[in-house]
Amino acid sequence: MVKKSIFSFFLFLVLFSSSLTVSAINANFTTESSNIIFSANSELPIEGTYIADKLPGKYPERCRIIIKNPVNERVYMIDSKTDYWQESNGKYIIHLEDKGLRIPVNPMMGNWKVEITWYSNVWIVENICAKINYKFNVGESDIFSNLQAPIYLWIDLVPAMQNDDIIVALPGIIYLSLIVLIPAVFVFIIWYTKTSIKIGKKVYKIGSDKNV
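In this text, residue positions in the sequence shown follow my numbering: the first is 72, and each later residue adds one.
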């Protein structure tokens, strides 16, 4: 009897999870676009986002943001928690904690895309609330913008497996140069000071010997 009850409970969990998965696949999906021409180091327009339909159960607790270039290659991904949300004219405006996402160094010119997926916890299962695409154009980037733009690295260790990717965001070239240059200058100052002190001691000793 106990085994049968346990089996029934797990069967209920599976069926319940499956129903949530189906609702996730049919989640609200919208597309927005911008007429602004962006360049390297431009901040992506994802601070506030509208969701047309009412959210199932709870407001979204987190979202996943994926940036794709004109040839649909994944450039960068980040998971962000929702900072706060508000309702306006039957739509939800979601504000994210991570608002500083920028276009990377030496970006390919053309139509870029940001895919945003929102998740909320319904009981013990995480459910997809809604999805949205932001489409925007990237034009030419000057040298100064490229020097400041972040460097995104996406390494897929095993293509057939999920959640094994290494995704890194490095600071711009100019900031990386400063990170290397400042310690180098500090080391040079220490070396120069020690060398000057040694030379000064030798000169002082030679002068003292001559006076004797």
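We put the beta carbon where it would ideally sit given N, CA and C, even for glycine. What you are looking at is a predicted structure, and each value in this text was computed from that prediction instead of being measured.
Exposed or buried, which one is residue i when buried takes at least 16 other CB atoms within 10 Å?
i: PHE257; result: exposed
i: SER267; result: exposed
i: ILE203; result: buried
i: ASN106; result: exposed
i: TYR263; result: exposed
i: SER212; result: buried
i: LEU86; result: In this prediction, LEU86 has a pLDDT of 39, which is less than 50 and means its spatial position is unreliable; nothing more can be read from the coordinates.
i: TYR246; result: exposed
i: ILE199; result: buried
i: PHE259; result: exposed
i: LEU115; result: buried
i: ASN177; result: exposed
i: LYS143; result: The amino acid occupying residue 143 in the given sequence is Asn; Lys does not appear at that position. Exposed: under 16 other Cβ atoms inside 10 Å.
i: VAL239; result: exposed
i: ILE251; result: At residue 251 the sequence reads Val, which differs from the Ile that was named. With fewer than 16 Cβ atoms within 10 Å of its Cβ, VAL251 is classed as exposed.
i: ALA255; result: exposed
Would you call the CB atoms of residue i and residue j closer than 8 Å?
i: LEU241; j: ILE222; result: yes
i: MET180; j: GLY210; result: yes
i: ILE187; j: ALA111; result: no
i: ILE149; j: LEU172; result: yes
i: LYS152; j: ASN182; result: no
i: ILE108; j: ASN208; result: yes
i: ARG133; j: TYR190; result: yes
i: ILE226; j: ILE237; result: yes
According to DSSP, is residue i helix, strand or coil?
i: ALA220; result: coil
i: ILE174; result: coil
i: SER38; result: As shown, the chain starts at 72 and ends at 283. That puts residue 38 outside it, with no answer to give.
i: LEU115; result: coil
i: ASN258; result: According to the sequence displayed, residue 258 carries Val and not Asn. The answer is helix: DSSP assigns VAL258 an H, G or I state.
i: LEU241; result: strand
i: LYS185; result: As written in the sequence, residue 185 is Val, which differs from the Lys given in the question. DSSP places VAL185 in strand when its eight states are reduced to three.
i: SER212; result: coil
i: SER151; result: strand
i: VAL142; result: coil
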